[in-house]
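For reference, the structure discussed in these notes is given below.
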Amino acid sequence: MPIDPYILLLLGTVGLAALFPARGTASDVASGASTAAIAFLFFLYGARLSTREALDGLKHWRLHATVLACTFLLFPLLGLAARGFVPVLLNEPLYQGLLFLTLVPSTIQSSIAFTSMARGNVPAAICAGSFSSLVGIVVTPLLAAAVLGSGAGFSTDSLVEIVLQLLVPFAAGQLLRRWIGSFVTRHKKALGLVDRGSILLVVYTAFSEGMVQGIWHQVSPLRLGGLLAVEAVLLAVMLALTWYGAKALRFDRADRIAIQFAGSKKSLAAGLPMASVLFGAHASLAVLPLMLFHQMQLMVCAVIAKRRARDDQETITVSAPPAASRTAVGTGTRSG
Numbered sequence: 002m003p004i005d006p007y008i009l010l011l012l013g014t015v016g017l018a019a020l021f022p023a024r025g026t027a028s029d030v031a032s033g034a035s036t037a038a039i040a041f042l043f044f045l046y047g048a049r050l051s052t053r054e055a056l057d058g059l060k061h062w063r064l065h066a067t068v069l070a071c072t073f074l075l076f077p078l079l080g081l082a083a084r085g086f087v088p089v090l091l092n093e094p095l096y097q098g099l100l101f102l103t104l105v106p107s108t109i110q111s112s113i114a115f116t117s118m119a120r121g122n123v124p125a126a127i128c129a130g131s132f133s134s135l136v137g138i139v140v141t142p143l144l145a146a147a148v149l150g151s152g153a154g155f156s157t158d159s160l161v162e163i164v165l166q167l168l169v170p171f172a173a174g175q176l177l178r179r180w181i182g183s184f185v186t187r188h189k190k191a192l193g194l195v196d197r198g199s200i201l202l203v204v205y206t207a208f209s210e211g212m213v214q215g216i217w218h219q220v221s222p223l224r225l226g227g228l229l230a231v232e233a234v235l236l237a238v239m240l241a242l243t244w245y246g247a248k249a250l251r252f253d254r255a256d257r258i259a260i261q262f263a264g265s266k267k268s269l270a271a272g273l274p275m276a277s278v279l280f281g282a283h284a285s286l287a288v289l290p291l292m293l294f295h296q297m298q299l300m301v302c303a304v305i306a307k308r309r310a311r312d313d314q315e316t317i318t319v320s321a322p323p324a325a326s327r328t329a330v331g332t333g334t335r336s337g
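The number in the working numbering is simply the position in the sequence shown, starting from 1, with 1 added.
Okay, structure coming up:
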């Protein structure tokens with residue numbers, strides 16, 4: 002299974018924060034820069050999403066309702082059930098991070114990429130990921146307040162801060178899309194570097210705060226191994242539920258692919274700034290499970306997407322009559 006080079010950059014950023022954490026004035030500068038970078042990231046999301054695509058996507062409401070139910074209902078229920086792994090596999094801070102992971106919205110880019118690779122319903126994946134991100138801006142903090150309690154510093158001010166940082170820039174991108182949409186589309190590859198650079202900056206800021214607060218003594222290699230095992234089970238269960246659940250709901254194959262990839266993944270881009278607001282200095286431990294799950298979902302879903310594409314190609318090949326047989330049948334008909 003491929004290792005995304007970007008994950009190596011994330012790990013390198015964590016190492017940089019461990020060796021050279023931002024302190025004092027540098028910490029204030031890094032925090033302000035990361036806030037601005039994430040706002041710009043969501044501005045680009047808004048500029049990329051076609052308003053017509055979004056409105057057309059609303060017609061496929063059953064699919065989007067299914068993805069939202071997977072993201073904000075099934076995932077949190079499994080997160081609550083994972084409490085049974087404390088303290089055998091997880092300690093309390095890692096469990097809080099795992100529970101937060103189950104509350105964040107779905108991804109956009111990777112859901113689209115894997116759906117396309119697997120020959121699924123790409124427009125549905127675009128809308129499902131975008132709708133999930135928008136809903137999550139409000140729903141994730143509310144769920145965090147409900148299930149994390151004192152573990153997350155939820156307040157009206159924190160909700161307003163998240164909305165200002167994520168939703169307002171997204172709306173501004175939508176408003177300006179008429180004038181800048183074509184530019185964003187033409188320079189999609191270059192602006193993708195802005196996406197990833199923004200996340201790296203947030204990771205550095207969060208882990209710098211963790212180093213300054215001295216919270217890393219709470220994590221041991223054994224606990225990390227336990228976290229990886231629990232996350233592997235979580236991902237496997239969600240992949241199975243999204244695929245077979247969509248089949249039980251009578252979605253066609255293309256829609257089931259979109260549901261599986263949009264409904265089983267979690268967004269690092271949306272989760273990081275939310276964790277920074279909700280957890281403050283303890284955000285580094287809160288986002289560690291999300292970072293590990295992000296890499297795991299990319300590796301596993303890449304394999305599944307390739308398998309789905311191969312199965313689809315085999316189905317097309319089997320269903321099409323061989324050329325030789327068609328020739329023979331045609332010859333026989335003409336002779337008769």
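Ideal Cβ placement from N, Cα and C applies to all residues, glycine included.
**Request:** Taking the CB atoms as reference points, tell me whether L90 and G246 lie closer together than 7 Å.
**Result:** no
**Asked** For the alpha helix (DSSP H) that T116 lies in, which residues bound it at each end?
**Response** 110-118
**Asked** With respect to the alpha helix (DSSP H) encompassing L90, which residues constitute its N-terminal and C-terminal limits?
**Response** Run containing L90: none; DSSP gives neither H nor E here.
**Request:** For L229, I'd like the list of residues in its chain whose CB is within less than 8 Å of its CB, leaving aside the five on either flank, ordered along the chain.
**Result:** L293, M297
**Minimum C-alpha distance to M48 - residue among F132, F252, L11, R178** = Per the sequence shown, the amino acid found at residue 48 is Ala instead of Met. Looking at the Cα atoms, R178 is the closest of the given residues.
**Message:** Could you compute how far the alpha carbon of P148 sits from the alpha carbon of F280?
**Reply:** In the sequence on display, residue 148 carries Val and not Pro. For V148 and F280, the distance between alpha carbons rounds to 14 Å.
**Request:** Could you please give the first and the last residue of the uninterrupted alpha helix (DSSP H) stretch that includes C128?
**Result:** 123-148
**Message:** For the alpha helix (DSSP H) containing Q214, name the first residue and the last one.
**Reply:** 189-214
**Other residues of its chain near L160: CB distance less than 8 Å, five sequence neighbours each side excluded** = V139, P142, L143
**Message:** Rounding to the nearest angstrom, what Cα-Cα distance links V301 and L9 in this structure?
**Reply:** 17 Å
**Prompt:** How long is the line joining the alpha carbons of L29 and R251, rounded to whole angstroms?
**Reply:** Leu is not the amino acid found at residue 29; the sequence shown has Asp there. Answer to the nearest angstrom: the Cα atoms are 52 Å apart.
**Item:** Counted within 10 angstroms of its Cβ, other Cβ atoms place W244 as buried (16 or more) or exposed
**Value:** buried
**Message:** My output table needs one value for T103: the three-state DSSP class, helix, strand or coil.
**Reply:** coil
**Request:** In the DSSP assignment, find the unbroken alpha helix (DSSP H) run with T72 in it and report its ends.
**Result:** Careful: T72 lies outside any alpha helix (DSSP H) and carries neither H nor E.
**Message:** Can you tell me whether H65 is helix, strand or coil according to DSSP?
**Reply:** helix
**Message:** What would DSSP say about K248, mapped onto helix, strand or coil?
**Reply:** helix
**Asked** Is it a yes or a no for the segment 118-129 touching the segment 96-106, going by three-plus beta-carbon pairs under 8 Å?
**Response** no
**Item:** Burial state of T186, where buried means 16 or more other Cβ atoms lie within 10 Å
**Value:** exposed
**Asked** From Y7, P6, V15, L11, pick the residue whose C-alpha is nearest to that of F208; which is it?
**Response** V15
**Request:** Consult DSSP for K307 and reduce its assignment to one of helix, strand or coil.
**Result:** helix
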